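As you go down the protein sequences, you meet chains A and B in turn.
Under my numbering, the first residue of the first sequence carries the number 17, and numbering increases by one thereafter.
Under my numbering, the first residue of the second sequence carries the number 9, and numbering increases by one thereafter.
Just so you know, even glycine gets a beta-carbon here, dropped at the ideal spot from N, CA and C.
Quick caveat: nothing in here was measured; it's all calculated off a predicted structure.
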Amino acid sequence: MTGYGVELADGIAQATERLDALRPRLVVTDAAIAADPAAGPFFERARACGADACMTLLSGFDRVPQILALGAVTNLLVHAMPVLAEELTVTAHKLMRGDLFGADKYLLWGTQLHETTLVRSTQRTGVVAKLEAELKSRGQSARVAQMVRLVADELISNAVHNAPVDADGTHPRKDLPRDADLALDGRHAVRVRWGCDARYVAVEVGDAFGSLDRDTALGALARQHARDAGAGAGLGLAMAYRSCDHLVFNLAPGRRTEVIALVDVRYPPTEQPPASSYNVFVEKTQ
Amino acid sequence: MTHGRLTITPSSGQLALSGSIDESSELDKLLARAQNGALVLDLAGVTFINSLGVRDWIRMLAAATQRGITVELVRVSEPIIHQLNMIIATRARTHSFFAPYACDRCGREDSMLIDADAHGAQLAQLVPPGMTCPECGTAMVFNDFPERYFSFLAPQDL
């Protein structure tokens, strides 16, 4: 499907042998590797052999700290197993080509993406209400439209208030009242795109600061059990995650952040898996 | 009366809320409308709540506890039920709520009102009450996972 060869290895020892022989461009492991003391050296060797990215598949969330501690892992793909083939394919393409950004990668070819750029923070409520209305007018259920509205609202709110960072590394808009009317000029502009290909509604929200780091994004993942989260920072991302089927963070540190949420519109709620997928991609620095 | 994008309408000892609960809702001000130590909120018209609204909601519940006011919910809309299920701290005594049902015969999907007091024992067993399709009169099926949708009713969490 991807045009690349795929080799399977059963265990770290076998995988290590194949590293030298095959010199793979992409290494994919499952979460069980985190518990193996040989995991760190394996990842180091994989990178030394020229593997561009090491993607780890997680079936749960409890091993995220262990995976991160390995250091060499640059991308995480989290899903209640089995991972959807389409998700794995898109992810492999993104990593192999080094082209991470764009919701269009998750939609069928030719799907139209509607685009809005917010230039005032007060546009948020109107933009998300219009998005909900548009989806309903195109035949999506109230449930889907409401979920998409919530996700878009939270992602835009994060891009407006949490993303801006100054030279000192402080976030000057983080504690400003969320209903304040702020100009979103220059780097502050927030771009929203959305589209639907009859499989997914995709919402993409991007900012030009690139201040969201992987650990913060994964912190939201760790708090995906928002039932216990209370009302602290990160609640918005946790709620967004719980309201969609697939949340993707594309991070280019210091340059750009893009968050994509996918809501599966193919199935009724009773036929959908209860857990959502969650990916974090960090653009390689040369 | 409006608080931001939320409209508040007093009605026979209750406050009917409609619209969006968000950063502009000032929910704590509703506590001044409590009667006999209770604030009864009709949430049928609430179509949206975001994380800022959730924070405001939790603050309102905490302030109510401090002031000895009981917050009770009736006709809770589906978007609010999703938050009650997701975040334990948002929960309050719920007398009735809307839930998704679908009709396999005519395809109608609807949000149906469930009386939580009358069906308490059944709901505790995660059995959705029966509903009849308003369109064709056929028995409807519950259109979500009961263990997920009814989790806000779990007694240990209240």
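For residue i, the nearest candidate out of the options (CA to CA)
i, options, result
"A:A161", "A:T138, A:P193, A:L228, A:V219", "A:V219"
"B:I95", "A:R258, A:Y294, A:R272, A:V217", "A:R258"
"A:A268", "A:V298, A:L100, A:E102, A:N178", "A:V298"
"B:N93", "A:R189, A:M255, A:V164", "A:M255"
"A:P180", "A:T273, A:A277, A:T286", "A:T273"
"B:L51", "B:D30, B:L23, B:D123, B:G61", "B:L23"
"B:S85", "B:E143, B:L38, B:T78, B:H103", "B:H103"
"A:L251", "B:D64, B:E143, B:G27", "B:D64"
"A:Y283", "A:Y294, A:A47, A:A214", "A:A214"
"A:D120", "A:Y294, A:L278, A:D197", "A:L278"
"B:Q91", "B:G12, B:P137, B:V54", "B:V54"
"A:M163", "B:R13, B:S59, B:Q43, B:H11", "B:S59"
"A:P193", "A:G56, A:P57, A:S137", "A:S137"
"B:A126", "B:M120, B:P137, B:R116", "B:P137"
"A:S157", "B:F160, B:S26, B:E143, B:G115", "B:G115"
"A:T132", "A:T72, A:L200, A:P57", "A:L200"
"B:G21", "B:R13, B:L14, B:L39, B:Q74", "B:L39"
"A:C260", "A:R230, A:V206, A:L166, A:D197", "A:L166"
"A:A37", "A:C65, A:D52, A:A47, A:Y216", "A:C65"
"B:N151", "B:P142, B:Q43, B:I16, B:A110", "B:A110"
"B:M120", "B:P142, B:A97, B:A100, B:R99", "B:P142"
"A:G118", "A:E287, A:P285, A:I276, A:T286", "A:I276"
"B:L14", "A:K152, A:P57, A:T141", "A:T141"
"A:R39", "A:F58, A:A47, A:A67, A:A29", "A:A67"
"A:G114", "A:I83, A:C70, A:G56, A:E33", "A:C70"
"A:D231", "A:A48, A:E33, A:Q82", "A:Q82"
"A:H130", "A:D229, A:L151, A:D184", "A:L151"
"A:M112", "A:T186, A:A29, A:V44", "A:V44"
"B:Q43", "B:C144, B:I122, B:S26, B:R75", "B:R75"
Beta-carbon separation (whole angstroms), residue i vs residue j, contact threshold 8 Å
i, j, result
"A:L147", "A:W210", "6 Å"
"B:D118", "B:R67", "Their Cβ separation, rounded to whole angstroms, is 33 Å, which puts B:D118 and B:R67 out of contact at 8 Å."
"A:V208", "A:A168", "7 Å"
"B:Y157", "B:I89", "7 Å"
"A:H262", "A:S292", "6 Å"
"A:V264", "A:V217", "About 14 Å; that fails the 8 Å criterion."
"B:F106", "B:A124", "B:F106 to B:A124, Cβ: 11 Å. No contact."
Counted within 10 angstroms of its Cβ, other Cβ atoms place residue i as buried (16 or more) or exposed
i, result
"A:G155", "exposed"
"B:M148", "buried"
"A:C212", "buried"
"A:L24", "exposed"
"A:R159", "buried"
"B:S19", "exposed"
"A:G27", "exposed"
"A:V22", "exposed"
"A:G248", "Note that A:G248 scores a pLDDT of 44, beneath 50, so its modelled location is shaky and nothing firm can be said."
"A:A31", "buried"
"B:D30", "buried"
"A:L124", "exposed"
"A:Y20", "exposed"
"B:M9", "exposed"
"B:R83", "buried"
"A:R271", "exposed"
"A:Q139", "buried"
"A:A101", "exposed"
"B:G61", "buried"
"A:A108", "buried"
Contact under 7 Å by Cβ, residue i with residue j
i, j, result
"B:L49", "B:L69", "no"
"A:N14", "A:K190", "Any property of residue 14 of chain A remains undetermined from this structure, which presents chain A solely from 17 to 302."
"A:N266", "A:L116", "yes"
"A:L42", "A:R61", "no"
"B:F56", "B:S32", "no"
"A:L171", "A:V221", "yes"
"B:G45", "B:I77", "yes"
"A:R79", "A:A50", "yes"
"B:L134", "B:P154", "yes"
"B:V79", "B:L47", "yes"
"B:R113", "B:T73", "no"
"A:D182", "A:P188", "yes"
"A:V144", "A:V176", "no"
"A:R203", "A:A224", "yes"
"B:I101", "B:F160", "Inspection of the sequence shows that residue 101 of chain B is occupied by Arg rather than by Ile. Not a contact, by the Cβ cut-off of 7 Å."
"A:L73", "A:D46", "yes"
Where residue i meets chain C, residues with beta-carbon distance less than 7 Å
i, result
"B:N151", "Protein chains A and B are contained in the structure displayed, whereas chain C is not."
Start-end ranges of the alpha helix (DSSP H) lying completely within the stretch 18-75 of chain A, minimum 4 residues: 28-38, 55-64
Complete beta strand (DSSP E) runs within the stretch 26-104 of chain B (minimum length 3 residues, chain order): 46-57, 78-82
Contained beta strand (DSSP E) runs [length at least 3] in the stretch 145-199 of chain A, N- to C-terminal order: none
Segments of 3+ residues assigned as beta strand (DSSP E) that fall wholly inside the stretch 105-162 of chain B: 117-123
Beta strand (DSSP E) runs contained entirely in the stretch 199-286 of chain A, provided each spans 3 or more residues: 206-212, 216-223, 262-268, 272-280
Inside the stretch 113-140 of chain A only - beta strand (DSSP E) runs reaching at least 3 residues: 130-134
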